[in-house]
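Visitor:
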Amino acid sequence: AQSVAQPEDQVNVAEGNPLTVKCTYSVSGNPYLFWYVQYPNRGLQFLLKYITGDNLVKGSYGFEAEFNKSQTSFHLKKPSALVSDSALYFCAVRAPYTGGGNKLTFGTGTQLKVEL
Amino acid sequence: DAGVIQSPRHEVTEMGQEVTLRCKPISGHNSLFWYRQTMMRGLELLIYFNNNVPIDDSGMPEDRFSAKMPNASFSTLKIQPSEPRDSAVYFCASSSPTSADTQYFGPGTRLTVL
Chain G
100 AQSVAQPEDQ
110 VNVAEGNPLT
120 VKCTYSVSGN
130 PYLFWYVQYP
140 NRGLQFLLKY
150 ITGDNLVKGS
160 YGFEAEFNKS
170 QTSFHLKKPS
180 ALVSDSALYF
190 CAVRAPYTGG
200 GNKLTFGTGT
210 QLKVEL
Chain B
43 DAGVIQSPRH
53 EVTEMGQEVT
63 LRCKPISGHN
73 SLFWYRQTMM
83 RGLELLIYFN
93 NNVPIDDSGM
103 PEDRFSAKMP
113 NASFSTLKIQ
123 PSEPRDSAVY
133 FCASSSPTSA
143 DTQYFGPGTR
153 LTVL
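Quick note, the sequences are listed as chains G and B, same order.
Using the numbering used here, you'd call the opening residue of the first sequence number 100 and step up by one each time.
Using the numbering used here, you'd call the opening residue of the second sequence number 43 and step up by one each time.
1) Run through chain B and tell me which residues come within less than 7 Å of residue 142 (chain G), C-beta to C-beta.
2) Please check if any C-beta of chain G sits within less than 7 Å of the C-beta of residue 144 (chain B).
3) How would you call residue 201 (chain G), buried or exposed, if buried means at least 16 neighbouring beta carbons within 10 angstroms?
4) Does any C-beta atom of chain B lie closer than 7 Å to the C-beta of residue 148 (chain G)?
5) Assign residue 53 (chain B) to one of two classes, buried (16 or more other C-beta atoms within 10 Å of its C-beta) or exposed (fewer than that).
6) Provide the residue(s) that pair with residue 110 (chain G) in DSSP beta bridges, ordered along the chain.
7) When the cut-off is 7 Å and only beta carbons count, does residue 201 (chain G) lie next to chain B?
8) What in chain G is Cβ-close to residue 84 (chain B), meaning under 7 Å?
9) So who's on the other strand from residue 108 (chain B), going by DSSP bridges?
10) Quick check on residue 84 (chain B): does DSSP put it in helix, strand or coil?
11) Taking buried to mean at least 16 other C-beta atoms within 10 Å of its own C-beta, is residue 70 (chain B) buried or exposed?
12) Determine whether the Cβ of residue 138 (chain G) lies closer than 7 Å to any Cβ atom of chain B.
13) Does residue 126 (chain B) come out as helix, strand or coil in the three-state DSSP assignment?
14) Given a threshold of 16 other Cβ atoms within 10 Å of its Cβ, counted over all protein chains shown, does residue 177 (chain G) qualify as buried or as exposed?
15) How about residue 160 (chain G): is its C-beta nearer than 7 Å to some C-beta of chain B?
16) Give a yes or no on contact between the segment 121-133 of chain B and the segment 116-126 of chain G, applying the rule of three or more CB pairs nearer than 8 Å.
17) Can you tell me whether residue 136 (chain B) is buried or exposed? The criterion is at least 16 other CB atoms within 10 Å of its CB, across all chains shown.
18) Between the C-alpha atoms of residue 58 (chain B) and residue 80 (chain B), what's the straight-line distance to the nearest angstrom?
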């Protein structure tokens, strides 16, 4: 079974400071990993994904994430936070394609609040 | 592409009534997912389809919920009879193996059952 943990319900950061939203996963084999963002009253928007290759993945809006296999982590980062980054962030994992199910397992979400 | 389309965007109904939510996936996507989101339970996968065939419906709360996908461009989620505890935002998402199964979400349907 695959699972994702987002250990922080909320992260607060000052505008201009770097931000990190944590995610750890559990899956058999090499994972596919995703980050999504949800703004109020909106659907989830895809930010970035790791499939294979370079452990540092760059995505939309200046976000990036680093895949760390030994620590089974995929933390989301941004060098300089903006107030407009305030939103709910979800990490998701998918096991390698086996010809069967292809669902994503989502974490519980981390609310990011960026303050002036 | 227009993205995933859901209708209606808002639905208010009374307990006991039938509710039908609709979804049009992104053209060319062969997987479709129905989710429910509430403050208490977070984001829950209800059911998903591959090539119009239901693969996993273990998340469907009970027999009052049913979902169909009669063709590649349309799916429905029906609740009959509806109850106040069904109040939630229901999302539809679609994906394709050509994009490593990245799911793209619709805007959601906010359901309120009085």
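Positions of the beta carbon are idealized from the N, C-alpha and C atoms, including for glycine.
Remember, it's a predicted structure, so these values are computed and weren't measured experimentally.
Guide: To lay it out plainly:
1) 133, 147, 148, 149 and 150
2) yes
3) buried
4) yes
5) buried
6) G:211
7) yes
8) 207 and 208
9) B:120
10) strand
11) exposed
12) no
13) helix
14) buried
15) no
16) no
17) buried
18) 20 Å
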